[in-house]
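Novice:
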Amino acid sequence: MGITLVRLLVSLTIFSLVPSALAQERTVNYEREIDPIFQQKCVSCHGPDRQENGLRMDTGEKTLLGGYNGPVVLPGMAAESSLMHFVLGIEEGEFSRMPMKAPPLETAEIELIRQWIDQGAVIEVPQKGSLNSEKLGDENAVVPSNATGHWAFDP
């Protein structure tokens, strides 16, 4: 009976590690997986209308720029990135856990962000004319043809 229990525990331990190893091999997609988390949990305080600590997170590029205290994401170094410290609640000071006045991020969301940062914090460049190219202020964004000559589109 004791040996069977040991085998069961060893098997469960091994199988619990397999999904974690497989997840690390998969590339995390910013637009599909990370941006929705940021839009839902971060942009109300770090978006176009409000930038707490000078940080905007409504686009990947702006997230990578950081805020008043510098970058919050250090590509390839999640453990050193202050964004991870804030979502984990291990940053020192008054604002130790983000989001501040909302429930903490789910463990799976934190893990996705960690993987994305460790994989280099890659931001996919939107294709010309995509919805996100306009969101990002991309110079390749499509301008309506009836807008030519309008004062807002003249340099």
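0 is the number of the first residue of the sequence shown in numbering that gives the first Met the number 0; add one for each residue after it.
Each residue gets a CB set at the ideal place from its N, CA and C atoms; glycine is no exception.
#1: Taking three-plus beta-carbon pairs below 8 Å as touching, is the segment 111 to 126 in contact with the segment 65 to 85?
#2: With a CB to CB cut of under 7 Å and the five nearest residues on each side skipped, what residues in its chain are close to residue 51?
#3: Is it right to say residue 59 is buried, meaning 16 or more other beta carbons lie within 10 angstroms of its own, or is it exposed?
#4: Whole alpha helix (DSSP H) runs in the segment 25 to 51 with 4 or more residues, listed along the chain?
#5: What are the boundary residues of the alpha helix (DSSP H) that residue 155 is part of?
#6: Under the DSSP definition of a beta bridge, which residues are partnered with residue 161?
#7: If I'm right that residue 86 touches residue 76 with Cβ under 8 Å, what's the distance once you round it to whole angstroms?
#8: Consult DSSP for residue 61 and reduce its assignment to one of helix, strand or coil.
#9: Quick one, which of 27, 56, 26, 25 has its alpha-carbon nearest residue 39's?
#10: Excluding five sequence neighbours on each side, which residues of the same chain lie with their C-beta closer than 8 Å to the C-beta of residue 36?
#11: Buried or exposed for residue 67, going by 16 or more other Cβ atoms inside 10 Å?
#12: Taking the straight line between their C-alpha atoms, what separation do you get for residue 34 and residue 72?
#13: Comparing C-alpha positions only, which one of 120, 106, 100 sits nearest to residue 41?
Specialist: On the basis of the data shown:
#1: yes
#2: 44, 45
#3: buried
#4: 34 to 40
#5: As shown, the chain starts at 0 and ends at 154. That puts residue 155 outside it, with no answer to give.
#6: Since the first residue shown for the chain is 0 and the last is 154, residue 161 is missing from the structure and cannot be characterised.
#7: Between residue 76 and residue 86 the Cβ distance is about 15 Å, and since that is not below 8 Å, they are no contact.
#8: helix
#9: When only C-alpha atoms are compared, the closest one is 56.
#10: 104, 108, 111, 112
#11: exposed
#12: In a straight line, the C-alpha of residue 34 is about 14 Å away from that of residue 72.
#13: 100
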